[in-house]
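Take a look at the structure set out below.
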Amino acid sequence: MAAAVVLVAGIACGQNADDVAARAQQAREQVAALEAELEAAKARLAAAESELAAVSGVSTPDPAAEQVYTPSWLEGWEGSVEAGINGSDGNSEQFSARAAVGAKRKTERTETSVGAAYQYATNDGNETSNRFEAFVRNDWLLKDSRWRFFATGKYETDQFQDWDHRLSGFAGAGYEFIDHERTTLLGRAGLGGAYRIGGSDESFDPEALLGLDLTHQLTERQRIVAGTEFFPNLEQTGEFRWHNRAAWEIDVDPEVNMFLRIGAEHRHDSDPGPGFKPNDLDYFLTLGWTF
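According to our numbering, the sequence shown holds residues 262 to 552 in order.
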C-alpha cells in the first residue's frame with residue numbers, strides 16, 4: 262500500500278517512472294523491515310512472560326480461558342433432623358413429642374437458613390400443646406465487613422393461642438459483634454410486622470425487630486446456641502412480643518453425625534387475647550442427626 266502511494270504521488274508530481282519505482286521498492290523494504298521488527302518484539306515479550314512465570318511459579322492467566330464458577334443454589338447445604346418423645350401411663354397418662362428439621366447454606370455472598378418444628382402433647386387424653394412453625398432467613402454478606410443485610414419470614418399455627426395462623430416478616434441490617442473461632446455474636450435490627458388470621462382480633466401489627474444470635478463452642482463436641490428476638494408494636498405503645506431460646510448441643514457419635522440437644526424456648530405476648538396467658542415455656546430433649 263505504501264509503495265503504491267509513493268508511486269502514484271511520484272507520477273503525479275512528474276517524476277521519472279524509474280525513480281518513482283525505485284522509491285516504491287525502497288518503501289516496501291522499509292515496511293517489511295518494520296513488520297519483521299514488530300514480530301521480533303512480540304516474540305521477545307512472550308519469552309519474557311514465560312521466563313517470569315517459570316521463576317514465580319505462577320502461570321500467566323488467559324482471559325479467554327478463565328471462567329468464573331457460580332455454584333448452584335442447591336449446592337452447599339448442611340442439614341439436621343431431630344426428634345424426642347416422653348410419656349407415662351397408669352394413674353396419669355401423659356405424652357409429648359417434638360420434631361424439628363433445619364438446613365443452612367453459606368457462600369461468599371449469602372448465608373441462608375430454613376427450618377421447621379412441631380410440638381404435640383396430651384395430659385390424661387386431653388391435648389395440651391399442638392404447635393407448628395416454619396421459617397426462612399437470608400443474609401446478604403458484605404465483603405471485608407462485619408455488616409450485613411437480612412430478610413426473614415415465619416409461619417406459625419398454634420391451637421392454644423388467640424389466633425389460628427400467624428405470618429410475620431422482617432428486613433433490616435445485622436452486625437457481627439463477635440466473630441471468633443469459638444464464639445460468634447450477631448445483632449440484628451429491622452422493620453416488618455405480623456398478620457394474625459382467626460381469633461378475636463384478626464389484624465396486621467407493624468413491628469420492629471431487635472435480635473441477638475449467640476453460638477459458643479464449649480469443647481470439640483459441645484456448644485451452646487442461644488438467641489433472643491424482641492418485637493415492639495409500632496402502633497400500640499407498650500405492647501410487644503418477645504421470643505427467647507437456648508440449647509446445649511452434644512455430639513454423641515461423630516462417626517454417624519448423631520447429636521443430643523437439650524433446650525428451652527420462651528414466648529411472651531403482652532396482649533395474648535382474652536382468656537389466654539402471656540407466657541409459654543417449652544423445654545425439650547431431642548436426639549438428632551446432621552447430614
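Every residue gets a Cβ at the ideal spot worked out from N, C-alpha and C, and that includes glycine. Please read these numbers as outputs of a predicted model, since none were measured by experiment.
The beta carbons of Ala469 and Arg427 sit no closer together than 8 Å. Non-local beta-carbon contacts of Ala432 in its own chain, meaning distances under 6 Å to residues more than five positions away in sequence, involve Ala412 and Gly451 in chain order.
The C-beta of Glu369 has fewer than 16 other C-beta atoms within 10 Å across all chains shown, which makes the residue exposed.
The C-alpha of Asn399 is placed about 21 Å away from the C-alpha of Thr444. Annotation: the continuous beta strand (DSSP E) that includes Asp543 extends over Asn540 to Thr551. Inter-segment contact for the stretch 345-354 and the stretch 382-392 is present: three or more beta-carbon pairs are separated by less than 8 Å.
Straight-line spacing of the CA atoms in Thr371 and Glu336 works out to 13 Å.
For the options Pro467, Ala358, Glu394 and Arg528, the alpha carbon positioned closest to that of Pro493 is the one of Pro467. Shown here, Lys404 sits in coil according to DSSP, grouped into three states, outside any helix or strand.
With a cutoff of 8 Å on beta-carbon distance, Ile439 and Gln483 are scored as not near each other. If you draw a straight line from the Cα of Ala307 to the Cα of Lys404, it comes to about 36 Å. Secondary structure note for Thr480: it is in no beta strand (DSSP E), with a DSSP letter that is neither H nor E.
Excluding sequence positions up to five before and after Arg366, its CB lies within less than 6 Å of the CB of Gly337, Trp338 and Thr373, all in the same chain and listed in chain order.
The three-state reading of DSSP puts Ser311 in helix, counting H, G and I together. When DSSP states are grouped into helix, strand and coil, Glu388 belongs to the strand group. According to the DSSP secondary-structure assignment, Leu452 is paired through a beta bridge with Ala432 and Ala469. CA-CA distance, Trp408 to Glu437, rounds to 7 Å.
DSSP lists no bridge partner for Lys303. Here Thr413 is bridged, per DSSP, to Arg398 and Phe431.
Remark: C-beta atoms of Trp509 and Ile523 approach each other more closely than 8 Å.
In the structure shown, Pro515 adopts helical secondary structure according to DSSP, grouped into three states. For Ala297, the number of other beta carbons within 10 angstroms of its own is below 16, and it is reported as exposed.
With 16 or more other CB atoms across the displayed protein chains lying within 10 angstroms of its CB, Phe545 is buried.
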